[in-house]
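What follows is one structure encoded as structure tokens, with my remarks underneath.
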Amino acid sequence: MHKSLDAVCVSLEALSTAITNGWNGETTFTETWGWNCPALTRHDMAAMPKRLAKRIRDKGDEEIEANLLPQINDLPRRLQVLQTTTVPQLFGGNCPAASMAIIGTIETLEKILYSVIESQSSQDKKIMEKEMIEAAKLQRNTLSKLRGIEARTSELSSRSENLHEKVERIEQAHEAADQLPTDLAELKEKREDVARLLAESATDRATVSDKLSEINTIRGQLEGSEKRVAAILERCDKAYRATTSEGLASAFAERSKNLGWSMWVWVVGLIVALVVGASIGSSQLHALAKAITDTQTTRQDGSVWVDLILTMLSIGAPIWFAWVATKQIGQRFRLAEDYGYKASISKAYEGYRREAELLDPAFQNRLFSSALTRLDEIPLRLVETATHGSPWHELASSNVVRQAVDTVPNFVGKVTELAKQVLPQPLQDKKMEQATEKVAESELAKGGKS
Numbered sequence: 097m098h099k100s101l102d103a104v105c106v107s108l109e110a111l112s113t114a115i116t117n118g119w120n121g122e123t124t125f126t127e128t129w130g131w132n133c134p135a136l137t138r139h140d141m142a143a144m145p146k147r148l149a150k151r152i153r154d155k156g157d158e159e160i161e162a163n164l165l166p167q168i169n170d171l172p173r174r175l176q177v178l179q180t181t182t183v184p185q186l187f188g189g190n191c192p193a194a195s196m197a198i199i200g201t202i203e204t205l206e207k208i209l210y211s212v213i214e215s216q217s218s219q220d221k222k223i224m225e226k227e228m229i230e231a232a233k234l235q236r237n238t239l240s241k242l243r244g245i246e247a248r249t250s251e252l253s254s255r256s257e258n259l260h261e262k263v264e265r266i267e268q269a270h271e272a273a274d275q276l277p278t279d280l281a282e283l284k285e286k287r288e289d290v291a292r293l294l295a296e297s298a299t300d301r302a303t304v305s306d307k308l309s310e311i312n313t314i315r316g317q318l319e320g321s322e323k324r325v326a327a328i329l330e331r332c333d334k335a336y337r338a339t340t341s342e343g344l345a346s347a348f349a350e351r352s353k354n355l356g357w358s359m360w361v362w363v364v365g366l367i368v369a370l371v372v373g374a375s376i377g378s379s380q381l382h383a384l385a386k387a388i389t390d391t392q393t394t395r396q397d398g399s400v401w402v403d404l405i406l407t408m409l410s411i412g413a414p415i416w417f418a419w420v421a422t423k424q425i426g427q428r429f430r431l432a433e434d435y436g437y438k439a440s441i442s443k444a445y446e447g448y449r450r451e452a453e454l455l456d457p458a459f460q461n462r463l464f465s466s467a468l469t470r471l472d473e474i475p476l477r478l479v480e481t482a483t484h485g486s487p488w489h490e491l492a493s494s495n496v497v498r499q500a501v502d503t504v505p506n507f508v509g510k511v512t513e514l515a516k517q518v519l520p521q522p523l524q525d526k527k528m529e530q531a532t533e534k535v536a537e538s539e540l541a542k543g544g545k546s
């Protein structure tokens, strides 16, 4: 056997040993690494290069065609690369690609070495040698006959004018007879090539049929998976819409609940302020009544006005806090109702949307537009834009006072005169200044808006 073929056999046997020793499991690759791996054990995979090496040793020829020699000499290097890079990947997650690479390499090597293994067996050599000997004998006999014919034709040329044509025909017949063994040998070689190609075609056809079956199976699985994925995606969309609506409703409801609690805090504060104001006012009224009685007895008016001023100062703070609490309660009640209404819309939207979708798409668009309009309303629209520092400031800025200033002639003077008549002179001056400032601020605010 040729030394190049022997090197190939050694490399194939080394590859078989590496596959066998690369893992200690006895299960198939499909059971261990997944459905996309071949249903072979490590021994089955190792037997493929080992069988090819045995065939080469059994049928390999001593001589190799010159055009195949460079390719065969490079096979040990390729097998070494396959052994060092691909075999370690066979026993892991890369098993599908590694197994296909090893199987494809062995099949390709069989095709490359086919002519070396099969086409020059000992039986074919004997047949070829026998045919060549017979052809040589036939050629010598034919040449002898031709020489005799040429001698006879030279003698008979004078007796037959068309003898030359007959001799040409005889020569053509003998040439055809000489060419016949060669043609038969070529025909036999072609028939062998055709048989080999038919066998390879049958093998390839079986492989293609198997792959087509696998592809159809995978296609069916993918179609089923696509339907399941579409159904799951649809359910996810519905769940996402429901979750969005529920989350929005929960946020609005939580905000409404917090505002409700804060409103009750202000209600409690209002009640406390009213109770405190009533208590302080009751005690101060008793003191004021006593002062008035004493004044009528002693004819001293100063103490009455002092008690009156103390009474107003005592109940001023509770009244002021009650005024603030009243405004806060009103604003927080409006905000709580607004958030509660938005929470109700968010909770009911998904159910209404499904019903509208079943009835008419136009209803669905109308429902979405209406819900979006309600949810897009800013809660600050319910909060008063004007910020008053005291009840007197709010009273001076009210529309009633502004209309009185506009309609009643000399309204400021009349209010001042009335205060002078009711209050003592020091208190009149102080109240006059405060009233003048409030009215001036009101007129300035009105002038700014106009």
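Just so you know, we're using my numbering here: the sequence shown kicks off at 97 and counts up by one.
Think of the CB as a built atom: it goes at the ideal place given N, C-alpha and C, for glycine as much as any other residue.
Predicted, not measured: the structure shown is a model, and the values here were computed from it.
Distance from Leu171 to Leu205 at the Cβ level is roughly 7 Å; contact confirmed, criterion being Cβ atoms closer than 8 Å. If one requires a minimum length of 4 residues, the alpha helix (DSSP H) runs lying completely within the stretch 155-196 are 165-169 and 171-177, in chain order.
DSSP places Trp129 in the uninterrupted alpha helix (DSSP H) bounded by Phe125 to Trp129. Annotated three-state conformation of Trp362 is helix, per DSSP. The three-state secondary structure of Gly118, taken from DSSP, is coil. Taking a contact as a CB-CB distance under 8 Å, the pair Ala142 and Ile115 counts as one, their CB atoms being some 4 Å apart. The C-alpha of Ile208 is placed about 14 Å away from the C-alpha of Asp289. Residue burial annotation: Thr182 is buried, with at least 16 other C-beta atoms found within 10 angstroms of its C-beta.
One alpha carbon belongs to Glu261, the other to Lys284, and they sit about 34 Å apart. With fewer than 16 other CB atoms across the displayed protein chains lying within 10 angstroms of its CB, Asp154 is exposed. Tyr210 is classed as exposed because its beta carbon has fewer than 16 other beta carbons within 10 Å across all chains shown. Shown here for Ser112: same chain residues with a beta carbon closer than 6 Å to its own, the five before and five after excluded, namely Ala142, Pro145 and Lys146 in chain order. Only exposed fits Ala298, as fewer than 16 other CB atoms lie within 10 angstroms of its CB. Between Ala421 and Gly365, the C-beta spacing is below 7 Å. The beta carbons of Pro192 and Asn132 sit closer together than 7 Å. Here Ala269 is exposed. Its C-beta has fewer than 16 other C-beta atoms within 10 Å. Arg428 sits close to Met359, with the two beta carbons spaced by under 7 Å. The Cβ neighbour count for Ser352, taken over all protein chains shown within 10 Å, is at least 16; the residue is labelled buried. DSSP, reduced to helix, strand and coil, places Thr137 outside both helices and strands of the structure shown, so it counts as coil. Distance from the CA atom of Val106 to the CA atom of Ile229, rounded to whole angstroms, is 38 Å.
Ser100 is a Cβ neighbour of Ile168, given a cutoff of 7 Å. By the beta-carbon neighbour count (other beta carbons within 10 angstroms, threshold 16), Ser195 is buried. One Cα belongs to Thr278, the other to Ser240, and the distance between them is close to 20 Å. Assigned with DSSP and collapsed to three states, His270 falls in helix.
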